[in-house]
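This report refers to the structure that appears directly beneath it.
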Amino acid sequence: MLDRTVAPPLQPLARVALAAAEVMPLTNAARLHVLANDAQPVVRLQVVLPAGKIAEPKPSLALLTARMLLEGTTTRTARQIADEVAFYGASIECESGPDRAMLTLYCLTRHLPTLLPLVHEVLTQPTFPEYELGLLKTRTVQNVQVERRKAGYRASERFNEHLFGAAHPYGQLFDEDAFLALTCADVQAFHRAAYPLGGAEIFLCGDVAEHQQLVADTLGQGPTGAPTPPAAGALAPFQPGHDHVTVAGSLQASLRLGRPWPTPHHPKTHQLNLLIKVLGGYFGSRLMRNIREDKGLTYGISAAVTNREQATALLIGTDVKGDSAPLAVAEIQHELRRLQEELIPADELETVKNYTLGKFANDLSTVFEQADKYRNIVLMHLPADYYTQFVQQIEATDAPTLQRLAQEYLSPDALQVVVAGA
Numbered sequence: 347m348l349d350r351t352v353a354p355p356l357q358p359l360a361r362v363a364l365a366a367a368e369v370m371p372l373t374n375a376a377r378l379h380v381l382a383n384d385a386q387p388v389v390r391l392q393v394v395l396p397a398g399k400i401a402e403p404k405p406s407l408a409l410l411t412a413r414m415l416l417e418g419t420t421t422r423t424a425r426q427i428a429d430e431v432a433f434y435g436a437s438i439e440c441e442s443g444p445d446r447a448m449l450t451l452y453c454l455t456r457h458l459p460t461l462l463p464l465v466h467e468v469l470t471q472p473t474f475p476e477y478e479l480g481l482l483k484t485r486t487v488q489n490v491q492v493e494r495r496k497a498g499y500r501a502s503e504r505f506n507e508h509l510f511g512a513a514h515p516y517g518q519l520f521d522e523d524a525f526l527a528l529t530c531a532d533v534q535a536f537h538r539a540a541y542p543l544g545g546a547e548i549f550l551c552g553d554v555a556e557h558q559q560l561v562a563d564t565l566g567q568g569p570t571g572a573p574t575p576p577a578a579g580a581l582a583p584f585q586p587g588h589d590h591v592t593v594a595g596s597l598q599a600s601l602r603l604g605r606p607w608p609t610p611h612h613p614k615t616h617q618l619n620l621l622i623k624v625l626g627g628y629f630g631s632r633l634m635r636n637i638r639e640d641k642g643l644t645y646g647i648s649a650a651v652t653n654r655e656q657a658t659a660l661l662i663g664t665d666v667k668g669d670s671a672p673l674a675v676a677e678i679q680h681e682l683r684r685l686q687e688e689l690i691p692a693d694e695l696e697t698v699k700n701y702t703l704g705k706f707a708n709d710l711s712t713v714f715e716q717a718d719k720y721r722n723i724v725l726m727h728l729p730a731d732y733y734t735q736f737v738q739q740i741e742a743t744d745a746p747t748l749q750r751l752a753q754e755y756l757s758p759d760a761l762q763v764v765v766a767g768a
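Residue numbering for the sequence shown follows the working numbering, starting at 347 and increasing by one per position.
Structure follows, in structure tokens:
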């Protein structure tokens, strides 16, 4: 009989290798990356273009352009686009991030041939109708005004400004007046400059074997070659320090602490990520045990590394009662010093390793999640064995290595601290 009072034995994670993608150069110089898996009759198509914030000539133009793609084309209104997608039980969205814009389509395999012309038309023939543009601008400004009443939003804004510089796209604050001044002509010009499909990385995954040539033929149309994005300007020199943002009427204080961080190309990137897991990367982390469980200052606190194509950053974030902010900052700094001064106990390190590798294995359970990892390799220009090395290096990491990394990168004096609240 199974004794449920005894935990099952832990098994080491087998070597992990992502499924190999078939890469098809298209006639317009775009690339189609195909990860086929027929376990379920579903497909995900993602078209990634160099049309993110980093490429925009005017602030927030990339965001506006991406969201306007579904507001009408030469043959379909926004309502007709939405109705057609809903009729086939599919979903489609267009979003712009710091570096790229991405259109994502989910649908049943049998509906992909029907929906492909819609995807192509949305990307290449948007009309950017004036009325819908005005509504979208108004909604966006109203949403930002609501968000700016929240301490967390204000803290993140100011933190990014300190980290990257107010003149760099990563650190620019949303400017309502500049956003409302954007015109249809601005959006059309940015679309012409940044959205030619010749500059696309296209990721097709799922039950796609019968349709990948059709996708190649459809999205391989048009002019050859990728657009050349404008230079984004240099990142501002980082200067650590403390800053306070006043948020009238706020009962809470939002804390953001961090610094520039080594990129994923750093030879010890996987050990650095493990170090941040120990600090604040899972529910049993040191920050959670101290700030939440022992002190009762917050419902949650986390530490994470964020990768952008031009910069990588460490961010520690939490919300606490307004008068508890100084204590929370002091305790975060205390945990940083502990990592510098004391070796991580063997049982704690083993727990974090098992959690990290187990979560990694779980994150590869579907073809869509595998495709996400593969897309990260392509867009960040990482080596093909990046995730294989991840498993090997996590298993081999010891406490003295993590202590040396903490001494080099986790000095409390090297962090920018932002507190937003009353």
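Glycine is no exception: its CB is placed at the ideal position from the N, C-alpha and C atoms.
For a test of the three-state rule: what should DSSP assign to Phe520, helix, strand or coil?
In the structure shown, Phe520 sits in coil (DSSP, three-state: anything other than H, G, I, E or B).
Beta-carbon proximity list for Thr564, same chain, < 6 Å, skipping 5 on both sides:
Same-chain partners within the cutoff: Leu462, His466.
To test your reading of the DSSP string, which unbroken alpha helix (DSSP H) runs of 4 or more residues are found completely within the stretch 611–647?
You should have 615–626.
In terms of DSSP beta bridges, what is Lys667 paired with?
DSSP lists Gln598 as partners of Lys667.
Whole angstroms is fine: what's the gap from Gly668's alpha carbon to Met726's?
Cα to Cα, Gly668 sits roughly 39 Å from Met726.
Opposing strand residues paired with Ile438 [DSSP bridges]:
Within the DSSP secondary-structure output, Ile438 pairs in a beta bridge with Leu451.
Nearest residue (CA-CA) to Pro773, options Leu695, Thr658, Ala650:
Past the boundaries of the shown model lies residue 773; the chain is included only from 347 to 768, so the question cannot be answered.
Under the three-state DSSP convention, the category Arg425 falls into
Reduced to three states, the DSSP call for Arg425 is helix.
The alpha helix (DSSP H) enclosing Asp532, as first and last residue numbers:
Start and end: 530–540.
Cβ-based burial, Gln491 [other Cβ within 10 Å; buried from 16]:
Taking a 10 Å sphere around the C-beta of Gln491, we find fewer than 16 other C-beta atoms and assign the residue as exposed.
At 4 residues or longer, and completely inside the stretch 708–763: list those alpha helix (DSSP H) runs for me, N to C.
Segments of the alpha helix (DSSP H) lying fully in the stretch 708–763: 713–725, 732–742, 745–755.
Through-space distance from Thr712 to Phe474, alpha-carbon basis:
Thr712 has its alpha-carbon roughly 36 Å from the corresponding atom of Phe474.
Measure the CB-CB distance between Ala412 and Ala436 and report whether it falls below 8 Å.
No, Cβ-Cβ distance for Ala412 and Ala436 is not below 8 Å.
Report the rounded CA-to-CA distance for Val468 versus Glu417, giving the unit in angstroms.
If you draw a straight line from the Cα of Val468 to the Cα of Glu417, it is about 9 Å long.
Looking at the unbroken beta strand (DSSP E) that takes in Pro371, where does it start and where does it end?
DSSP places Pro371 in the uninterrupted beta strand (DSSP E) bounded by 368–371.
Span of the alpha helix (DSSP H), counted from its first residue to its last, around Glu478
Glu478 -> alpha helix (DSSP H) spans 476–493.
Could you spell out where the beta strand (DSSP E) holding Glu547 opens and where it closes?
It spans 547–552 - the beta strand (DSSP E) in which Glu547 sits, taken as one unbroken run.
Would you tell me roughly how many angstroms separate the C-alpha atoms of Ser631 and Gln617, rounded to the nearest one?
Rounded to whole angstroms, Ser631 and Gln617 show a C-alpha spacing of 16 Å.
Could you say which of Gln749, Glu503, Lys623 lies nearest to Ser648 if we only look at CA atoms?
The shortest C-alpha separation from Ser648 is found at Lys623.
Compute the distance between the beta-carbons of Ala674 and Gly767, then report whether it is under 8 Å.
Taking 8 Å as the cut-off, the Cβ atoms of Ala674 and Gly767 do not count as close.
When the distance is taken between beta carbons, is Val394 closer than 8 Å to Arg500?
No. Outside cutoff.
Determine the DSSP secondary structure at Ile400, reduced to helix, strand or coil.
Under the three-state reduction of DSSP output, Ile400 falls in the helix class.
In the DSSP assignment, find the unbroken beta strand (DSSP E) run with Arg446 in it and report its ends.
Unbroken run through Arg446: none, as it is neither H nor E.
Return yes when the Cβ of Ile438 is within less than 8 Å of the Cβ of Thr421, no when it is not.
Using a Cβ distance threshold of 8 Å, Thr421 and Ile438 do not count as a contacting pair.
Beta-carbon within less than 6 Å of Ile723's beta-carbon, same chain only, minus the 5 sequence neighbours each way: which residues are those?
Answer for Ile723: Tyr732, listed in chain order.
Name the one or two DSSP bridge partners that Ala650 has.
The partner list for Ala650 (beta bridge, DSSP) reads Leu661.
If distances are taken between C-alpha atoms only, which option among Leu410, Ser406, Ala760 comes closest to Gln518?
Measuring from the Cα of Gln518, the nearest candidate turns out to be Ser406.
Nearest-angstrom Cα distance between Gly571 and Ala562?
Going by the C-alpha atoms only, they are around 15 Å apart.
Mark Pro444 as exposed unless 16 or more other C-beta atoms lie within 10 angstroms of its C-beta, in which case mark it buried.
Its Cβ being crowded by 16 or more others within 10 Å, Pro444 is buried.
Per-residue DSSP class, three states only, for Gln392
Here DSSP, grouped into helix, strand and coil, assigns Gln392 to strand.
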